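What follows is a single structure, written as structure tokens, with notes after it.
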Amino acid sequence: MKKVKKLVVGNWKMNPVSLEEARKIVGTVKRNMKNIKRTEVVFCPPFVYLSPLSKAMKGSLSLGAQDANSETAGPFTGEVGHLQLPQFGVKYVIVGHSERRNMGETDEIVNKKVQSVTSLGMTAIVCVGESSRDANGEYLDFVKQQILKALKDVPKKSFENIVIAYEPIWAIGAKQAMTSLDLHEMSIFIKKVLKDSYSIASDGVRIIYGGSVDRVNASSLVKEGNVSGLLVGRQSLESKDFVEIINLVDAQ
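In case it helps, my numbering puts the sequence shown at residues 6 to 257.
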């Protein structure tokens, strides 16, 4: 497999309020990308900003969506279908985020979305992660099952369009992220699951981390945590902090 870049994904969620602010964030990051050589940056704004922001995505900047319905069309009020996204230059789609799962999204729905997104050549950022940890290590099997169910019946050729985003729910919005050591162990575990279940080499699928990422912990999470990038929430809306995170990842 060809050498791939590291990945820094900004998940804006339902922010910012105005298109003007969205353009400012992208503009600031874009102006500071000249020395970024080994990292791809993905902005995942609300759907309403995809079209106006698409023209700004050049070089190492890519556009992503926060979700995509797996149906081709139909009576699905408020939904955006996967077939509607490529026309806006969308290359990545976040699938199975815990906030979507909290609204009733099942493993089966996640699986359908992964298949529909990758079938179009877009990359699915598949979110997995436990709600809490236990001394018996049952959370490991929970994460394993999330991965297996999400990737069920996905063609082998589509795995180049898969990114696993490990985002433990207990770390989202917390005061601090998980430790780099714990992340390293989970990265090894996820790679083993992929190898044992799909014969995927250790570098065959990128694994990124999300959960209280900031400019203080970004470097150690990537380097010592043994991951290929980061899924950044609130700090991706602070353009200066986001630029610093990108630079820290690119330096690894």
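We put the CB at the ideal spot given by N, CA and C, even for glycine. Source: prediction; values computed, not measured.
Ala179 - DSSP class collapsed to helix/strand/coil: Of the three classes helix, strand and coil, the one that applies to Ala179 here is coil, per DSSP.
Less than 9 Å between the beta carbons of Thr33 and Val248, yes or no? Closer than 9 Å, so yes.
Counting only runs of 3+ residues fully inside the segment 203 to 254, write out the beta strand (DSSP E) ranges in chain order. For the segment 203 to 254, whole beta strand (DSSP E) runs of length 3 or above, ordered along the chain, are 211 to 215, 234 to 237.
Just the Cα atoms here: how many angstroms apart are Arg28 and Gly69? Cα to Cα, the separation comes out at about 15 Å.
Complete alpha helix (DSSP H) runs within the segment 40 to 90 (minimum length 4 residues, chain order): For the segment 40 to 90, whole alpha helix (DSSP H) runs of length 4 or above, ordered along the chain, are 55 to 59.
Considering Leu145, what are the terminal residues of the beta strand (DSSP E) in which it resides? Run containing Leu145: none in the beta strand (DSSP E); it sits in the alpha helix (DSSP H), 143 to 155.
Return the chain-ordered list of same chain residues with a C-beta closer than 6 Å to the C-beta of Lys196, the five sequence neighbours on each side being excluded. Setting aside the 5 residues that flank it on each side, Lys196 is surrounded in the same chain by Ser207, each with a C-beta closer than 6 Å to its C-beta; the list follows chain order.
Enumerate in chain order the residues of its own chain whose CB-to-CB distance from Pro21 is below 8 Å, with the five nearest sequence positions on each side excluded. Excluding residues within five positions, the ones whose Cβ falls inside 8 Å are Ala27, Ile30, Leu242.
Looking at the secondary structure, which residues open and close the beta strand (DSSP E) in which Ala129 lies? First-last of the beta strand (DSSP E) with Ala129: 128 to 133.
Touching by the beta-carbon criterion (3+ pairs, under 8 Å), the segment 153 to 164 and the segment 82 to 91: Counting Cβ pairs under 8 Å, fewer than three are found: no touch.
Contact defined as beta carbons within less than 8 Å: I believe Val95 pairs with Leu66. What is the distance between those atoms, to the nearest angstrom? Between Leu66 and Val95 the Cβ distance is about 13 Å, and since that is not below 8 Å, they are no contact.
Buried or exposed, going by whether 16 or more other CB atoms sit within 10 Å of the CB of Pro50? It is buried - the Cβ of Pro50 has at least 16 other Cβ atoms within 10 Å.
With 16 as the cutoff for other CB atoms within 10 Å, does Gly230 come out buried or exposed? Flag for Gly230 reads buried.
DSSP three-state label for Val31, please. Correct three-state label for Val31: helix.
Return the bridge partner residues of Gly109 from the DSSP annotation. Paired residue(s): none; Gly109 is not in a bridge.
Go ahead and pull the three-state DSSP assignment for Lys162. Of the three classes helix, strand and coil, the one that applies to Lys162 here is helix, per DSSP.
Please confirm if the segment 109 to 127 is in contact with the segment 148 to 158, defined as three or more CB-CB distances below 8 Å between the two stretches. With contact defined as three or more Cβ pairs closer than 8 Å, the segment 109 to 127 and the segment 148 to 158 are in contact.
With a threshold of 16 other CB atoms inside 10 Å of the CB of Val227, please say whether the residue is buried or exposed. The C-beta of Val227 has 16 or more other C-beta atoms within 10 Å across all chains shown, which makes the residue buried.
Please classify Asn222 as buried or exposed, where buried requires at least 16 neighbouring CB atoms within 10 angstroms. Asn222 is buried by the Cβ-count criterion.
Out of Pro57, Ala78, Phe48, Asp255, which has the shortest C-alpha to C-alpha gap to Lys71? The sequence shown places Gln at residue 71, rather than the Lys named in the question. Residue nearest to Gln71 within the set Pro57, Ala78, Phe48, Asp255 is Phe48 (criterion: CA-CA distance).
Is the distance from the Cβ of Ile169 to the Cβ of Leu199 below 9 Å? Against a cut-off of 9 Å, the Cβ pair of Leu199 and Ile169 comes out as a contact.
Pull up the CB-CB distance for Leu90 and Met127, whole angstroms please, since I reckon it's below 8 Å. At roughly 7 Å, the Cβ-Cβ gap stays under 8 Å, so Leu90 and Met127 are in contact.
Using CA atoms only, rank isn't needed, just tell me which of Gln92, Ser204, Ile152, Asn40 is closest to Lys60. Residue Gln92 is the option with its Cα nearest to Lys60.
Burial state of Val218 (16 or more Cβ within 10 Å): Answer is buried; the Cβ neighbour count reaches 16.
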